[in-house]
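Trainee: Okay, here's the structure, questions in a sec.
In the numbering used here, the protein residues as written are 1337 to 2270.
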């Protein structure tokens, strides 16, 4: 586990360093004479890393997450949290992970493998027992991070997204903006010099909404127990193993610290494989080693001693060791002092108000509460000692480790102003958008210094600057250009130099060591398994991306940082690749396709919109026509998709080609995003509907499809059109629509008390597929310029997983009619009928004998008539769409002939009934050209 196990080590082995606290008491100030309380002059400002806190912001590990998410329950919880923070004088700022982080791709690959196994355990548990899975198997519902982000914006809680390196940007933002504490759960934060570090996993809001509690980690207590000066934490973190220097490359060093006399020495060789010692043992041994280092600035001497037994790639390991030390040194700088300034904070009416000048955290007094809360006050009071000392009781006489690669300070030029309330239907990007280049002093200006360029540890990101044959936005460097270059050999070694066993769960024997130490305990017959550099994931070089307009990149960067845009968009425009998370899927089920494959056509057309393929190719063809030249061959735009599903490992990306619409020419991205004309708004909507294969007149009729249900209907229509396999049956479609129109959708308290005796396994998978479709719809909506107001895209407007389960059980198992499915409400049943007709408009279904090869046909294809027999009622013919078989008379079943000018030119055999009345066999052409021509 390396450095990632340090957080668990604190929880298990340093109980005195984990202190429960109540945040409202910290915000109220200290007790003065006579027990009176003096309120502070500024709110308690806390930065939350959403990447570690999603399950707490969702509302906890309650058992209904498996059905696709209870989004109104989450909305109620976040509303109570916002109210408690406002009443308790607490200001929250939530930082989401919006970075691709190719340097940590091997960690993501390992995590996806584990979550894929968890998904199979969940499916098996529901199939066998019919009950919700235990909370230890918690797998975040699809689209949860984006739903939480939208809900926080609704309650005027400020949000932001990282852009390159999430951990570094969170730490830099916390320091530069003067937050009093960080709420997270990550070893990288524990090893940083952050004075007040609170647990995200322990964050709890009482049922009455008045008490917000968590745990504080007293890192000076951890340093005392390890007997290690915090200034040595960067070397300590580098030698534990991390995303730059994996612990497999340090296995020989870790075993040498234990020695042959250690009780665990016999575990070094097991089943002819090299294994790693337990994490807690490694932490203690490495702490002892780092404590005894004489000169912490001589990294060459330290590396020479650490890798003295290395038999391969020693120079590469030494280089990565120095880079790891530089990385953690940059995050371990002391907290700077900030001059007073004013901040805008929403008041009880949702409007920004003026807050008194900022008081540094050194002046924040903490009440001496009973029991274990006393060390918190002692820590706060100790901070007012020596400057730069922070919360640690050390003199810190040792010089801090500084290297050129990690010693650059981040200046405060970024201003994350609160999102104003400018109307119910105002698009997010129009509330604060730098259409014109902002000046450095503008309140809307977002400088790239807050989001540093990819660190020297990022291997794949550095590959982008090494040549023209890789993904690179040429000529459009705004604020994310690299600050340095490295050799190809160095960057190639950063992606991981070993092959890890996928799905390993044992900390002591789950991975292979990188080196074979030549001491008495080594078995000389065991070969060096990793004598040559390999990777646990294989990257692929793709053609360069098309150039993107600088205005578009500037707007995309701004919206991304502000948390106003789906993060995939910036990844596609600048990196040309995305990562798709695992969802709950039954890999043994052949009836339902994986979500990554099901919605890949949506992403392909979104890629085409983002790179303006249709307009650019049309201009090129026109130019060739004017010059009397043949149309040129267009090089494909390739996007790399990292995903894990049935038959697909996350270790290699899939190359996906961007597609353009065939029905019409979509305008370029600049016009879609920045156009103000009415026609531009119509084009945004048409582009979105085309991406979702829902460009029909009925979808734009608010009488049949209300605006807040348009995402629901588009996703369901897309699922219905999937060729080859039947995804939705008639009763399942009605269940989706009935729960969206049910008044119970907005009564989360009643839904919490609702008991489901036996969960439907197919319903759980359908919910996951549907929410994956909502996820892609949000992606498409943001890419097309947000034609649908963001308030109407949120899933709490149209979906609740638990309510869907109840409707599906009634429709599938009990076979109740539609009126009973709508709780006897005739008006609701009529709306369901209208929405179903709008979803099925222009679609004629026929069963395909074999699944169609991937990829499916272009956007909005026409499928024959018996694809879904006996599941859907009569479907109206296409209306004015210019495709299909409108006006063509059916051929009689007894056969026929074709005559032209009195001459028979073709004969058709009759269509006989298939076995069991399953439908006719396809018509067969017997002859063409008349009798004389055979």
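Note that beta-carbon positions come from the ideal geometry of N, C-alpha and C, so glycine has one too. Values in this document were obtained by computation on a predicted structure and should not be read as measured data.
1) Alpha carbons only, please: which of 1597, 1883, 1434 is nearest the one belonging to residue 1898?
2) With 16 as the cutoff for other CB atoms within 10 Å, does residue 1876 come out buried or exposed?
3) Inspect the beta-carbon positions of residue 2143 and residue 2034 and report whether they are closer than 7 Å.
4) Determine whether the beta carbon atoms of residue 2116 and residue 1973 lie at a separation below 7 Å.
5) If I measure Cβ to Cβ from residue 1561 and keep anything under 6 Å in the same chain, skipping five residues before and after, which residues do I get?
6) With DSSP as the reference, please indicate the residues paired to residue 1913 in a beta bridge.
7) When you compare the region 2075-2082 with the region 1453-1461, are there three or more beta-carbon pairs, one atom per stretch, that lie closer than 8 Å?
8) Beta carbon of residue 2077, beta carbon of residue 2175: below 7 Å?
9) Assuming residue 1354 and residue 1573 make a contact with CB atoms under 8 Å, what is their CB distance in whole Å?
10) One question on the structure: do residue 1948 and residue 2005 come within less than 7 Å of each other, judged by their Cβ atoms?
11) Buried or exposed: which applies to residue 1597, given that a residue is buried once 16 or more other Cβ atoms fall within 10 Å of its Cβ?
12) Is the separation between the beta-carbon of residue 2139 and that of residue 2087 shorter than 7 Å?
13) In this structure, how does DSSP classify residue 1922 when only helix, strand and coil are distinguished?
14) May I ask you to report which of helix, strand or coil DSSP gives residue 1447?
15) Quick one: any contact between the region 2002-2020 and the region 2089-2108, if contact means 3 or more CB pairs under 8 Å?
16) Alpha carbon to alpha carbon, how far is residue 1636 from residue 1382?
17) Give me the residue from 1361, 2126, 2156, 1460 with the minimum Cα distance to residue 2074.
18) For residue 1993, which residues does DSSP report across the bridge?
19) From which residue to which residue does the beta strand (DSSP E) around residue 1552 run?
20) Can you list, in chain order, the residues of its chain whose CB lies under 7 Å from that of residue 1463, leaving out five sequence neighbours each side?
21) Within a Cβ cutoff of 8 Å, which residues of the same chain sit near residue 2009, ignoring the five residues on either side of it in sequence?
22) Closest by CA to residue 1486, which one among 1543, 1394, 1442, 1989?
23) So, is the C-beta of residue 2145 closer than 7 Å to a C-beta in chain B?
24) With distance defined between alpha-carbon atoms, name the residue in 1927, 1411, 1424 nearest to residue 1361.
25) Determine the extent of the beta strand (DSSP E) in which residue 1517 is found, giving its start and end residues.
26) I'd like to check one pair, residue 1549 with residue 1427: are the Cβ atoms closer than 7 Å?
27) By a C-beta neighbour count over all protein chains shown, 10 Å radius and 16 as the cutoff for buried, is residue 1624 buried or exposed?
28) Return yes when the Cβ of residue 2126 is within less than 7 Å of the Cβ of residue 1411, no when it is not.
29) Just to confirm, are residue 1536 and residue 1519 a CB contact at a threshold of 7 Å?
30) Kindly indicate which residue of 1491, 1981, 1346, 1495 has the alpha-carbon position closest to the one of residue 1385.
31) By how many angstroms is the C-alpha of residue 1976 removed from the C-alpha of residue 1907?
32) How many angstroms separate the CA atom of residue 2141 from the CA atom of residue 1470?
33) What is the DSSP secondary structure of residue 1426, counted as helix, strand or coil?
34) Use the C-beta contact count for residue 1544: other C-beta atoms within 10 angstroms, 16 or more gives buried, fewer gives exposed.
35) Can you list, in chain order, the residues of its chain with a C-beta nearer than 8 Å to that of residue 1642? Leave out the 5 residues immediately preceding and following it.
36) For the alpha helix (DSSP H) that residue 1891 lies in, which residues bound it at each end?
Mentor: With the given structure in hand:
1) 1434
2) exposed
3) no
4) no
5) 1350
6) 1976
7) no
8) no
9) At roughly 20 Å, the Cβ-Cβ gap does not stay under 8 Å, so residue 1354 and residue 1573 are not in contact.
10) yes
11) exposed
12) yes
13) coil
14) helix
15) no
16) 39 Å
17) 2156
18) 1974
19) 1548-1553
20) 2097
21) 1765, 1888, 1891, 2121
22) 1394
23) Although the question refers to chain B, the structure presented lacks it and comprises just one protein chain.
24) 1424
25) 1517-1520
26) no
27) exposed
28) no
29) yes
30) 1495
31) 10 Å
32) 18 Å
33) strand
34) exposed
35) 1575, 1586, 1589, 1657
36) 1886-1898
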